[in-house]
Amino acid sequence: MQLAGLTDEHLVEQFLQGNMSAFEELVIRYEQKVFQLAFRLSGNPDDASDLAQEAFLKVYKSLEQWRGKATFSTWLYRIVTNTFLDDMRKRKRRPLVALSLDASIPTEDGEVLREFPSTDPSPEQEYLQRELQQIVLTALSELAPDYRVVLALRDIQGHTYEEIAQITQLNIGTVKSRISRARAAMRKKLLETEQYVALVRQR
6 MQLAGLTDEH LVEQFLQGNM SAFEELVIRY EQKVFQLAFR LSGNPDDASD LAQEAFLKVY
66 KSLEQWRGKA TFSTWLYRIV TNTFLDDMRK RKRRPLVALS LDASIPTEDG EVLREFPSTD
126 PSPEQEYLQR ELQQIVLTAL SELAPDYRVV LALRDIQGHT YEEIAQITQL NIGTVKSRIS
186 RARAAMRKKL LETEQYVALV RQR
């Protein structure tokens, strides 16, 4: 059976019937997106890897509980975000991003935020972009965890308000309000960063 051609729902059915390869296919299908989300939330590759592994382990143990009320991907992202929030509550702190300018930033399109296009930049533009990316990531990591979640889902991963509401199990009004407050908090942090303001003026 060609598992790669099956829908998520059929892969789940196959796994519940004892086909372990079906779960492996689900992991392959979503591991990059899960790691990307985990990276945005946690702020560094090591914590992102741990978060992604913990989330997939929870999926493995609780797959029977998924009843198709939401898409598999929505349910999966909900587990990732809940795992992150649970971990942050246990730590009772918000870690800063620990990235060097040479650190790779894993995304599907090579961008951190859509405000930073990568259309054949000059060496100077590329340097400015990387500097801005690091400042933005640091500011994101300093937001409250709840704000970080909705901002990462909306402005970085591009989910709709409806999808975010399903992932976070909040009503759409709350989602929109939280995103608005998160953006305002993010904007305030960035504008208070002299280096960010100076770099933006150079672009």
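Its first residue numbered 6, the sequence shown is counted upward by one per residue in the working numbering.
Note that the Cβ used here is the ideal one computed from N, Cα and C, for glycine as well.
Computed from a predicted model, the values in this text were never measured in an experiment.
Presumed contact (8 Å Cβ cut-off) between E30 and A60, rounded CB distance: To locate residue 30, count along the sequence shown from 1; it is residue 25. To locate residue 60, count along the sequence shown from 1; it is residue 55. 17 Å between Cβ atoms; not a contact.
When T179, E168, L56 are compared against Y152, the one with the closest alpha-carbon: The count along the sequence shown starts at 1 and reaches residue 152 at position 147. If we check each option's Cα against that of Y152, T179 comes out closest.
Exposure label - A149; buried when at least 16 CB within 10 Å: To locate residue 149, count along the sequence shown from 1; it is residue 144. Exposed, since its Cβ has fewer than 16 Cβ neighbours within 10 Å.
C-alpha gap between Y201 and L137, whole angstroms: Position 196 of the sequence shown holds residue 201. Position 132 of the sequence shown holds residue 137. Between Y201 and L137, the C-alpha separation is close to 6 Å.
Cut-off 6 Å between Cβ atoms - residues of its own chain near R83, not counting five sequence neighbours on either side: Stepping through the sequence shown from its first residue, residue 83 is reached at position 78. I172, listed in sequence order.
Same chain only: Cβ atoms within 6 Å of Q19, ignoring 5 sequence neighbours per side: Translated into positions along the sequence shown, residue 19 becomes position 14. A27.
Straight-line Cα distance separating V32 from S54: Looking up residue 54 in the sequence shown gives position 49. Looking up residue 32 in the sequence shown gives position 27. Here the alpha carbon of S54 sits roughly 13 Å from the alpha carbon of V32.
Separation of G73 from L142, as counted between CA atoms: In the sequence shown, residue 142 corresponds to position 137, counting from 1. In the sequence shown, residue 73 corresponds to position 68, counting from 1. If I take the Cα positions, the gap works out to 34 Å.
Which of helix, strand or coil DSSP assigns to N176: Start at 1 with the first residue of the sequence shown, and residue 176 comes out as number 171. N176: coil per DSSP, three-state reduction.
Cα-Cα separation, F89 to L133: Along the sequence shown, read from residue 1 onward, the residue named residue 89 stands at position 84. Along the sequence shown, read from residue 1 onward, the residue named residue 133 stands at position 128. Taking the straight line from one Cα to the other gives about 31 Å.
Nearest-angstrom Cβ-Cβ length linking V85 and V155, presumed shorter than 8 Å: As a first step, residue 85 is located in the sequence shown; it is residue number 80 there, counting from the start. As a first step, residue 155 is located in the sequence shown; it is residue number 150 there, counting from the start. Incorrect: roughly 13 Å between the Cβ atoms, too far for contact.
Cβ neighbours of R188 in the same chain (closer than 8 Å, five flanking residues each side left out): Against the sequence shown, residue 188 aligns to sequence position 183. Answer for R188: L156, D160, listed in chain order.
Three-way DSSP call (helix, strand, coil) for E147 in this model: The sequence position of residue 147 within the sequence shown is 142, counting from 1. Coil at E147, not helix or strand.
Endpoints, the alpha helix (DSSP H) within which R83 is located: For the purposes of this step, residue 83 is taken as the residue at position 78 of the sequence shown. 77-96 is the extent of the alpha helix (DSSP H) around R83.
Reference I177, options I184, Y166, L56, closest by Cα: By 1-based counting over the sequence shown, the position of residue 177 is 172. Taking only the C-alpha atoms, the option nearest I177 is Y166.
Spatially closest choice to A144 from Q58, A57, R192, V64, by CA coordinates: Stepping through the sequence shown from its first residue, residue 144 is reached at position 139. Taking each of Q58, A57, R192, V64 in turn and checking the Cα distance to A144, the smallest one comes out for R192.
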